[in-house]
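The structure appears below as structure tokens.
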Ligand SMILES: Cc1ncc(COP(=O)(O)O)c(C=O)c1O
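Numbering (this note's numbering), first residue to last: 1 to 470.
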């Protein structure tokens, strides 16, 4: 079955068309927003755009400017904005029934079946899916309950640089201090250990002597991280009871698109097994095709006990959160994890249709190809721009790290983001020091759009660096 239309027919255009942004209508809406909306509003402070409509990898503001969208709703719109194939199904479902709590509907059951079809090998056909509330944070809350319920322990282990959401349990796992300062105390005994990260060099030399993994990948940052995890479980003076679970983003998103070395997830799998703890992969940002596989864990062939999902899984941008877990942990009773919006029929249909669209157009392979092209353009630029100290990522998930005089440079990334916006490309940032340019374009970004977008992004970087050097 072909899910029409093809990807080159679902955008406003192949290139941006902007004039003196922000325009007058945008200014007006921003002003009105500032008067009545919450001080917690954050995104328009970085990109002053007021949105009107969007198609595929393009987005239009209220003044009629068209942008190329390398941001995609912070990783939500994997099959693009307003994908016609997805929306047809969503509209039909909207007319039939929307809110169904957890009564069975064709849409709910089929969506769970389809999630099972695309699940990593160790979970496919042996898993359960739970829907609680319609957000990633809620899925994380569900995973905390699952780990506590199945181990009888309450400690949680996560990583420096991590982001897992903002509800109390999820916030306990999130590492960014800015999100949690002033809101404590959060959950007791939530600990954070280093994530392997090349910009925070680990020990060198014979790392095998202290790496607890049987298959040491010889990476010092990885050995240090695994050693720290193991000590939290097995060290008699580790400071806490053994954690109930390990929460990890297979590729850290907010932390700076940090891709771990080869042995890391496998090492975590071993430590969790040795200590009867659950290994939970947070695939909320990396899932649903973003990295060129359905789930990022598949790059390393490691199966988690549970996997949290949200963002892209509703296909159309309708909110939905879910957790898939191995059936052996389905020990809780009715009400184990619930919420009024425990599933949403149009979002289920959007998710099913998005899976069909991705399969029909081989978008995982496409994301790998176009994403590699994007990173190759940054690597080429790095040869003339020593401020670019690392280019990393997988599929349509790219991070570019910037430094000035050996220090991470937040201001460069801010200036680059602003310049790209003025030239018609929306990009985002990430990182411990906000010094990483983060690109998460939809998987439907065409090669032509990638070329046009990268010409603009690389020219913007050149321009910002030239101003900076003056
Ligand atoms: C890896 C990860 N986990 C959890 C969350 C929280 O999801 P939500 O904002 O839907 O609560 C996010 C959101 O950005 C995320 O990127």
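Where a beta carbon is used, it is the ideal one built from N, C-alpha and C, also for glycine.
What separation, rounded to the nearest whole angstrom, lies between the Cα atoms of residue i and residue j?
i	j	result
residue 119	residue 364	14 Å
residue 267	residue 57	37 Å
residue 376	residue 79	23 Å
residue 96	residue 104	14 Å
residue 194	residue 369	31 Å
residue 304	residue 213	17 Å
residue 153	residue 328	17 Å
residue 440	residue 385	22 Å
residue 265	residue 91	40 Å
residue 109	residue 129	10 Å
residue 262	residue 391	17 Å
residue 239	residue 233	10 Å
residue 138	residue 167	7 Å
residue 288	residue 176	25 Å
residue 76	residue 312	4 Å
residue 40	residue 29	17 Å
residue 333	residue 164	25 Å
residue 31	residue 309	35 Å
residue 148	residue 382	46 Å
residue 25	residue 136	33 Å
residue 125	residue 112	11 Å
residue 415	residue 9	33 Å
residue 471	residue 339	The shown model of the chain, from 1 to 470, leaves out residue 471, and the question about it has no answer.
residue 199	residue 255	12 Å
residue 140	residue 418	33 Å
With a threshold of 6 Å (Cβ to nearest heavy atom), would residue i be considered close to ligand 1?
i	result
residue 249	yes
residue 320	no
residue 135	yes
residue 85	no
residue 284	yes
residue 89	no
residue 431	no
residue 299	no
residue 296	no
residue 310	yes
residue 255	no
residue 163	yes
Below 6 Å CB to CB, which residues in the same chain sit around residue i once its five sequence neighbours on both sides are set aside?
i	result
residue 250	281, 286, 296, 297
residue 151	244
residue 134	319, 320, 321, 341
residue 12	55, 58, 66
residue 413	402, 429, 435, 437
residue 196	221, 222, 225, 260, 261, 264
residue 292	364, 367, 368, 394, 395
residue 2	360
Please go through the same chain and pick out, in chain order, the residues whose beta-carbon is closer than 8 Å to the beta-carbon of residue i, but skip the five residues on each side of it.
i	result
residue 246	157, 158, 229, 268, 271, 272, 277, 278, 279, 280
residue 89	349, 350, 352, 353
residue 423	16, 18, 456, 459, 460
residue 5	84, 85
residue 241	153, 154, 155, 189
residue 379	391
residue 94	346
Looking only at its chain, what residues have a beta carbon closer than 7 Å to the beta carbon of residue i, apart from the 5 residues adjacent to it on each side?
i	result
residue 121	303
residue 127	116, 119, 324, 325, 326, 327
residue 215	263, 266
residue 468	412
residue 180	171, 174, 186
Compute the minimum distance between the beta carbon of residue i and the heavy atoms of ligand 3, and state whether it is under 6 Å.
i	result
residue 460	For the structure depicted, ligand 3 is absent and the ligand set comprises only ligand 1.
**the segment 188 to 195 contacting the segment 154 to 173, beta-carbon criterion three pairs below 8 Å** = yes
**Asked** Using 8 Å as the threshold, is the segment 315 to 325 in touch with the segment 339 to 352, meaning 3 or more CB pairs across them?
**Response** yes
**Item:** Unbroken stretches of the beta strand (DSSP E), 3 residues or longer, contained in the segment 90 to 139
**Value:** 127 to 130
**Request:** Answer yes if the segment 32 to 40 comes into contact with the segment 57 to 70, meaning at least three C-beta pairs across the two stretches below 8 Å, and no otherwise.
**Result:** no
**Message:** Within 8 Å, do at least three Cβ pairs link the segment 427 to 434 to the segment 351 to 367?
**Reply:** no
**Message:** What ranges does the alpha helix (DSSP H) occupy inside the segment 319 to 365, keeping only unbroken runs of at least 4 residues that lie completely in it?
**Reply:** 345 to 360
**Item:** Start-end ranges of the alpha helix (DSSP H) lying completely within the segment 361 to 405, minimum 4 residues
**Value:** 363 to 382
**Message:** To test your reading of the DSSP string, which unbroken alpha helix (DSSP H) runs of 4 or more residues are found completely within the segment 253 to 278?
**Reply:** 264 to 274
**Message:** For the structure I just gave you, are there three or more beta carbon pairs, one from the segment 404 to 420 and one from the segment 81 to 91, closer than 8 Å?
**Reply:** no
**Prompt:** What are the complete alpha helix (DSSP H) segments, minimum 4 residues, inside the segment 142 to 201?
**Reply:** 168 to 173, 177 to 180
**Asked** Which runs of the beta strand (DSSP E) spanning at least 3 residues fall entirely within the segment 395 to 465, listed in chain order?
**Response** 397 to 404, 428 to 430, 436 to 439
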